[in-house]
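Top to bottom, those sequences are chains P and Y.
The numbering of the first sequence is the numbering used here, which starts it at 1 and goes up by one.
The numbering of the second sequence is the numbering used here, which starts it at 1 and goes up by one.
A short worksheet on the structure shown next.
2 protein chains.
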Amino acid sequence: MKKLIFNFKSNGLKKLKNSKHILGGKGANLAEMGRLGLPVPPGFIISTEACHLFYKNKKKLNSSLIKEINKELSLIEKESKKKFGDLKNPLLVSVRSGARVSMPGMMDTILNLGLNDQTVIALAKNTSNMRFAKDSYRRFIQMYSSVVMGVESYNFEELIENYKLTKGVLLDTDLDEDDWNNLIKDFKNLVKEKTKKEFPQNVKDQLIGAISAVFLSWESQRAKVYRRLNQIPNEWGTAVNVQSMVFGNMGSDCATGVVFTRNPSDGTKNIYGEYLINAQGEDVVAGTRTPQHITKKSRISSNDKKMSMEEAMPSVYKKLKKILLKLERHYKDMQDVEFTVENKILWMLQTRSGKRTAKSAVKIAVDMVKEKLISKKEAVLRLDPNSLDTLLHPTLDEKAKLHVIAKGLPASPGAASGKVVFTSDDAERLKSMMQNTILVRIETSPEDIHGMHAANGILTARGGMTSHAAVVARGMGRPCVSGSSEIEIDYEKKIFKTSNQVVKEGDLITIDGSTGRIIIGEIKTVKPEISGDFSKLMSWADSFRKLRVRTNSETPLDSKVARDFGAEGIGLCRTEHMFFDEERILSVRQMILSKSKDDRADALNKLLPHQRKDFFEIFKIMQGLPVTVRLLDPPLHEFLPKSQKEIQDVANTLKLTKNEIDGRITELHEQNPMLGHRGCRLGISFPEIYEMQCRAIFEALIELKRKKIKFAFPEIMIPLVSTEAEIKILKELVIATAKKVQNDNKTKIDFLVGTMIELPRAALKADDIAKHAEFFSFGTNDLTQTTFGLSRDDSGKFLNDYLENKIFDTDPFVSIDEGVRDLIDIATKKGKKQNKKIKLGICGEHGGDPKSIYLCSKIGLNYVSCSPYRVPIARLAAAQAELKK
Amino acid sequence: MKKLIFNFKSNGLKKLKNSKHILGGKGANLAEMGRLGLPVPPGFIISTEACHLFYKNKKKLNSSLIKEINKELSLIEKESKKKFGDLKNPLLVSVRSGARVSMPGMMDTILNLGLNDQTVIALAKNTSNMRFAKDSYRRFIQMYSSVVMGVESYNFEELIENYKLTKGVLLDTDLDEDDWNNLIKDFKNLVKEKTKKEFPQNVKDQLIGAISAVFLSWESQRAKVYRRLNQIPNEWGTAVNVQSMVFGNMGSDCATGVVFTRNPSDGTKNIYGEYLINAQGEDVVAGTRTPQHITKKSRISSNDKKMSMEEAMPSVYKKLKKILLKLERHYKDMQDVEFTVENKILWMLQTRSGKRTAKSAVKIAVDMVKEKLISKKEAVLRLDPNSLDTLLHPTLDEKAKLHVIAKGLPASPGAASGKVVFTSDDAERLKSMMQNTILVRIETSPEDIHGMHAANGILTARGGMTSHAAVVARGMGRPCVSGSSEIEIDYEKKIFKTSNQVVKEGDLITIDGSTGRIIIGEIKTVKPEISGDFSKLMSWADSFRKLRVRTNSETPLDSKVARDFGAEGIGLCRTEHMFFDEERILSVRQMILSKSKDDRADALNKLLPHQRKDFFEIFKIMQGLPVTVRLLDPPLHEFLPKSQKEIQDVANTLKLTKNEIDGRITELHEQNPMLGHRGCRLGISFPEIYEMQCRAIFEALIELKRKKIKFAFPEIMIPLVSTEAEIKILKELVIATAKKVQNDNKTKIDFLVGTMIELPRAALKADDIAKHAEFFSFGTNDLTQTTFGLSRDDSGKFLNDYLENKIFDTDPFVSIDEGVRDLIDIATKKGKKQNKKIKLGICGEHGGDPKSIYLCSKIGLNYVSCSPYRVPIARLAAAQAELKK
């Protein structure tokens with residue numbers, strides 16, 4: 001039989017591979033401390049595999065496991081010299097969950113287990129503190145009843161409140177041992193009444209109940225939601241840690257504290273933490289008493305009067321300091337440690353890698369390299385690429401005068417200004433008119449994804465740091481202020497109110513996702529300050545990575561930002577984004593709606609100089625680097641006039657009646673525009689459009705040369721190819737156009753022609769297509785849509801059902817799905833077989849997602865392309881991908 | 001160097017593999033007759049490879065080829081004892097195209113080449129017929145000038161007409177040798193004037209010009225169109241046959257004729273043909289003289305007075321009869337032969353497998369097996385599965401009184417009645433209301449495909465037997481009458497007129513696609529009469545095939561027809577088609593639009609008995625056979641009320657306001673419904689719908705049992721699955737429902753659960769999906785749409801551009817595309833690897849397409865499923881696929 005239970009000091013632990021998978025994070029670390037000879041209260045771990053068995057066994061612990069638990073319990077008794085349920089020296093234990101990764105507050109914990117009407121007396125005697133013993137007992141009843149027996153905690157709180165009212169006191173501390181005694185009786189009656197059962201006095205029953213409850217809490221609603229939001233697989237399960245209790249509240253030679261080996265917010269190398277004398281662990285967190293500093297230095301620097309631990313308990317502090325050093329050396333990472341001092345004896349209760357801000361993560365990694373604690377490789381591997389996001393976004397110009405009207409939670413970093421809109425559709429509509437927006441919603445749902453994407457920032461009245469809005473905005477790199485209870489939104493009237501301000505649709509506001517501030521008007525932002533440590537770390541990353549990183553950009557501004565962030569070219573320049581500009585849209589509409597070739601040619605002639613200028617500006621910024629330009633892609637009706645005035649304008653230009661224009665618009669309507677007349681299908685039907693775009697590209701290059709600016713290297717990308725013939729025909733068109741421009745200007749032009757692989761057929765027939773393509777760029781947005789037969793625009797209606805039913809572990813539009821991966825793999829193999837020199841990249845939004853970047857590296861692509869602000873993230877992820885190979 | 005020229009009697013020919021590929025059909029057969037020792041006028045073949053070289057060499061014959069041509073020419077001279085350009089005994093030749101398959105009338109032919117101002121005199125002398133010689137010369141000038149020199153033929157016809165007017169005569173036969181002499185001068189002047197060149201007198205120049213022209217005619221517009229319509233690859237190219245002329249018009253001991261070895265219209269074993277004494281081949285076809293019978297028997301049976309060839313030229317007839325027997329024995333097929341008798345000498349000019357009606361093809365094949373000429377396998381292989389279509393369609397009940405109002409071309413067999421509609425959208429709209437329609441168009445275009453599909457028959461005012469309407473209708477098995485110039489359509493007024501009748505939109509008419517008749521009113525149709533030969537042939541086919549053939553059907557009527565045609569079950573029963581019934585649609589709408597579970601349950605309860613009855617009827621017909629039932633698939637908004645009255649009805653039922661219903665309709669709107677909330681996604685969101693459908697299936701089974709009817713075997717199909725989780729969750733739902741019904745009725749039910757593979761991801765992850773699926777059915781309609789990212793509804797706008805640019809050789813919705821094939825292949829391999837016993841079938845429209853059926857057989861599917869009338873086609877195609885393995 002598989003070993004399901006492990007003592008902290010068991011020798012078998014050394015040999016365990018993936019010990020965290022089996023023991024959970026907390027258990028593995030306790031056991032590790034045990035092995036290091038550190039003072040850990042005796043205890044044992046019931047493994048995650050026992051959790052799986054528990055669920056298989058109809059959510060019951062089987063008898064052989066219970067037997068083993070009792071065996072382990074007697075080992076604790078031996079080591080602690082206490083006895084479970086003993087009337088003189090009773091052993092009390094804690095029962096805690098311990099998943100592979102920390103899920104703070106999501107699962108259940110029970111302390112002081114082993115107390116009952118008898119043992120509480122012994123505890124009182126041994127601690128000489130009857131009040132403490134009774135208080136502990138009532139806390140245990142409350143905790144156990146709520147976690148194991150399903151009597152909700154507020155019932156007990158109500159009893160306490162009523163008791164205090166009757167007694168006429170305000171604080172819990174005003175209650176004495178008799179009061180707690182009375183309350184214990186009330187508590188037990190309440191349990192009896194609610195559950196028709198007595199509160200268990202048999203300590204072994206208590207233990208079995210508690211262990212089962214911890215296993216069950218893995219499937220609690222909040223745990224499930226947390227896992228979904230944090231992409232933690234349901235299959236992992238949790239371990240359970242059963243450990244002898246130690247008490248930091250048995251007198252003034254007792255204490256309890258939390259300490260980081262370095263400063264988790266700025267990364268400086270100072271012990272950083274808090275402790276309380278004569279207290280239990282929860283008191284440090286609860287905030288009822290103000291904790292004291294650990295070190296003298298930090299006490300002095302914050303001008304605190306209360307003694308630091310260094311001063312109050314110098315010898316214990318010295319011991320602790322030594323242990324901290326040992327732990328950091330051992331784990332080679334900053335540790336977050338919990339300890340308790342029981343009658344001058346130091347006990348280590350937990351150690352784990354400490355959470356830290358991105359800023360401190362960078363500093364700690366670089367410092368540890370300097371200290372020769374870790375290698376550069378390890379430093380690069382240690383950072384979560386996604387966390388860099390917080391370092392890269394523009395922040396508000398603090399010199400600006402800010403009119404802050406409300407605050408909310410700083411849910412996704414960065415600052416953004418824009419017009420207030422209240423619906424996702426409005427955000428999208430305004431985006432198509434090149435206008436910046438802030439999407440203001442009571443809360444967001446998956447149906448708002450497209451609007452969140454279109455908006456420059458998101459503001460919600462409800463929801464916390466892990467609300468839908470917050471999670472999605474962070475993923476997209478959009479600034480977000482969530483859960484601002486200070487604002488009140490009225491969708492009907494299209495306004496939101498603060499206590500003294502009314503903001504209407506269309507008003508300009510600014511949100512600061514790093515601080516949660518909501519500000520009236522448009523505020524200047526400043527570029528993020530990139531620290532020397534950050535640059536150093538990125539340069540290390542660059543030295544390891546092989547995957548190139550480009551950016552998706554079609555404006556000079558974005559291109560500049562991206563190049564400053566280290567982009568090595570543009571991987572996707574969407575030419576149609578330039579079409580929405582007010583100066584041009586009429587000509588675009590003329591081009592689409594004209595029935596005659598002459599009218600179309602006229603429109604294209606008007607557009608040519610605009611496109612040429614666009615390309616010139618972008619090429620200038622990207623000089624020396626490749627720029628992938630995608631020719632016109634979306635269905636034409638996206639550009640159609642909508643308002644009556646717009647329709648009249650086009651009618652006038654084309655000298656047609658409004659009715660004729662209406663007719664043409666109806667003709668262009670499509671059932672499924674995503675699968676309609678778009679991409680290279682437009683190039684086949686209207687070669688003159690692609691010809692104009694190519695001419696603009698080539699003439700821009702010639703102008704660069706004329707102005708003696710270094711060349712950029714255009715890679716002309718034909719979208720939505722599914723057959724060999726399409727790329728063949730359109731490549732010939734590009735080359736013919738190049739020849740014309742070359743002849744007109746007597747200047748040679750260098751360029752590549754390639755295609756987007758964004759349809760399953762293109763991937764399957766990549767060998768045929770590669771005969772004519774010099775590069776492939778995987779358009780994973782559309783490839784995901786067609787592979788799943790799933791429209792991103794329409795999936796909102798059932799995405800929730802799909803996430804709840806665990807049909808999707810992750811939204812396939814965020815991280816590359818494995819079916820899509822298979823197609824990328826097929827296309828890569830077939831493409832390379834046909835054309836060894838073919839360049840391979842990815843330009844879907846997945847190009848900025850670290851998980852997807854690992855995949856691209858594994859498959860062997862040459863580059864990824866992502867939005868400007870994700871360029872450093874991609875650089876780091878690319879390095880990690882290489883190092884993990 | 002490769003051999004590019006082949007003499008008819010060259011020995012090298014025997015060794016040629018794929019001789020038709022190199023020599024063309026006509027050349028290969030001439031050479032074959034030469035080898036058999038039959039009297040063939042001497043000549044040679046310039047191969048298709050020379051054609052490729054011609055195009056590579058800038059459309060010129062290269063000098064080494066010309067040298068070879070001259071060499072071959074001298075061999076003809078030697079054998080015929082005539083000399084090319086000789087003033088006494090000039091050799092005249094024909095220059096004809098000869099592609100791999102016959103393309104009648106599509107490419108150019110030149111006769112009497114070698115005539116010029118001198119040789120014409122010699123010809124006159126040798127034939128003692130100056131008028132014939134001059135007529136031949138002027139015909140040659142006309143033909144040559146038009147084919148080689150680009151002077152269109154009507155110019156010459158005009159000259160003749162003017163000449164006759166001047167002379168005051170009506171017929172060509174009224175012109176004598178002098179008249180032709182004058183016209184020859186006029187002809188030559190015309191050529192000079194139009195081309196600035198003299199008509200070539202050098203006979204070798206004539207020959208080179210003619211050969212080049214035949215090669216060029218391969219790329220003529222009409223040839224290209226023909227190839228596209230008949231799916232002949234452009235790469236094949238044509239061969240050229242140069243052959244000594246023989247004359248059937250040199251006197252009364254000359255003749256020319258066309259003869260079939262058996263009767264091509266009913267298949268009886270009688271020589272069947274026509275001849276003319278003292279005539280040229282074209283006279284037989286032209287209809288200026290009425291040809292005479294070949295055999296005495298047929299002359300007598302048709303009560304003809306003019307002597308048959310058997311009587312007029314008994315010895316030549318005897319020789320011919322012997323040759324015909326020899327040819328049929330040699331080719332083991334009915335032959336279509338052309339011959340000429342020149343001064344009592346019989347010359348064979350052509351033999352080829354004769355075209356025949358489907359009826360005669362069946363009889364000939366079965367007879368030849370009886371005659372031991374061919375094996376059963378060969379008989380089965382000999383029939384074109386698609387041709388069976390003409391035998392299978394219902395015909396008009398000839399006992400009915402028919403009010404025929406007009407006629408057109410019999411473009412696609414079968415008879416159909418329905419309401420007249422003038423637009424494809426109307427056809428589709430009425431279909432959704434379960435109404436039969438006849439789509440009436442001036443002509444159709446690819447944009448009408450959906451309407452042609454929705455309509456029961458198609459009637460056009462323009463276009464021939466190979467017009468778009470005709471070709472597409474035949475492919476779909478829809479009856480079609482095309483090119484009825486007797487009707488005049490007015491789209492504006494929505495009527496069509498005949499000389500004495502006005503038919504309005506909505507009027508009932510009937511068309512008979514087998515005869516071209518257009519009839520007022522709805523006429524009863526009778527089931528096609530299936531001959532004994534047909535049944536025999538089909539039973540042979542069944543004995544060879546391994547692929548099972550099922551049908552796509554959701555009505556008792558269709559199911560019955562299909563079972564009579566030999567369907568071995570239902571491969572696709574679309575449950576939603578039953579929802580459109582007037583009695584049910586309100587409940588369906590209630591189900592969709594209700595926001596509460598209770599309202600939805602209420603609607604589902606109303607639908608349950610209807611669905612149960614549907615399934616009962618179908619199961620009863622299909623007793624003993626499998627029936628694949630697909631659960632609800634299309635996006636819900638397809639069922640939504642459209643008219644104000646319909647909306648009000650639903651509002652009343654649901655006790656909601658009209659506004660609320662409007663709101664819900666707007667909510668259900670989708671950008672891309674094809675990729676939206678449909679298929680199993682509905683089952684995930686609204687499990688109660690699928691549960692109702694499963695209950696209906698199971699309860700119908702129980703009712704069968706109760707009524708002691710043999711079971712049918714339902715295979716419950718979950719549509720649009722893309723992930724393992726979807727099929728897993730929904731399979732559990734099906735099984736849970738089955739258990740409930742089993743328990744309620746205490747009866748065991750047998751069924752399978754499987755899925756449609758219609759998304760690329762499903763194919764790629766077929767191994768995961770096969771863990772839960774007992775069968776896969778390839779839904780190639782949607783699989784084609786998603787693989788190409790191409791909406792069938794929207795492709796009309798550019799399909800023409802795609803066919804013209806040769807991007808699609810065949811419409812991928814007609815025959816399975818190779819990219820789609822790759823996915824089917826992947827899914828089959830992965831599915832079988834996971835689950836050896838998995839059943840595999842196809843239920844897209846490709847299931848009735850012989851090309852696609854070959855593919856399915858090759859890939860190793862278990863069955864195909866097609867529309868009822870295509871079942872015999874599929875049976876035959878499946879047998880052929882097996883035999884060709």
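Every residue gets a Cβ at the ideal spot worked out from N, C-alpha and C, and that includes glycine.
Bear in mind the structure is a predicted one, so any value in this text is a computation, not a measurement.
- Secondary structure at S301(Y): helix, using DSSP grouped into helix, strand and coil.
- Taking 3 residues as the minimum length, the beta strand (DSSP E) runs contained wholly in the stretch 823 to 852 of chain P are 839 to 842, in order along the chain.
- DSSP places M309(Y) outside any beta strand (DSSP E); the residue lies instead in the alpha helix (DSSP H), whose first and last residues are 309 to 312.
- Within chain P, the residues whose beta carbon sits less than 7 Å from that of E726(Y) are I807, listed in sequence order.
- Taking 8 Å as the cut-off between beta carbons, the residues of the stretch 759 to 771 of chain Y near chain P are L759, P760, R761, L764, K765, in sequence order.
- Counting only runs of 3+ residues, no beta strand (DSSP E) is found wholly inside the stretch 171 to 241 of chain Y.
- Non-local beta-carbon contacts of I585(Y) in its own chain, meaning distances under 8 Å to residues more than five positions away in sequence, involve F579, F639 in chain order.
- For the set A469(Y), V316(Y), I523(Y), N70(Y), the Cα lying nearest the Cα of V203(Y) is the one of N70(Y).
- L346(Y) sits in a strand when the DSSP states are folded into three classes.
- As computed with DSSP, F776(Y) is found in a beta bridge with T755(Y), L840(Y).
- In the DSSP assignment, T119(Y) falls within the unbroken alpha helix (DSSP H) covering 119 to 127.
- A residue is called buried once 16 or more other Cβ atoms fall within 10 Å of its Cβ, and I853(Y) is buried on that count.
- When DSSP states are grouped into helix, strand and coil, D817(Y) belongs to the coil group.
- I684(P) and Q671(P) have their alpha carbons spaced roughly 21 Å apart.
- With its beta carbon less than 8 Å from one in chain P, T723(Y) belongs to the interface.
- For Y272(P), the enclosing beta strand (DSSP E) starts and ends at 272 to 277.
- Within the stretch 785 to 798 of chain P, Q785, T786, T787, F788, G789, L790, S791, D793, D794, K797, F798 place their CB atoms closer than 7 Å to a CB of chain Y, listed in sequence order.
- The DSSP-derived three-state label of I442(P) is coil.
- The residue from G483(P), I495(P), G463(P) with its alpha-carbon nearest to that of V420(P) is I495(P).
- In this structure, R262(Y) keeps its C-beta atom at 8 Å or more from the C-beta atom of N29(Y).
- The stretch 743 to 752 of chain Y makes no contact with the stretch 780 to 791 of chain Y: fewer than 3 CB pairs, one atom from each, lie closer than 8 Å.
- Given a length threshold of 3 residues, each whole run of the beta strand (DSSP E) inside the stretch 518 to 579 of chain P is given here in chain order: 548 to 552, 570 to 574.
- Beta-bridge analysis with DSSP links A361(Y) to no other residue.
- Here the C-alpha atom of I438(Y) lies approximately 31 Å from the C-alpha atom of F619(Y).
- Note that the C-beta distance between L704(P) and I661(P) is not below 8 Å.
- Boundaries of the alpha helix (DSSP H) around S63(Y): 63 to 80.
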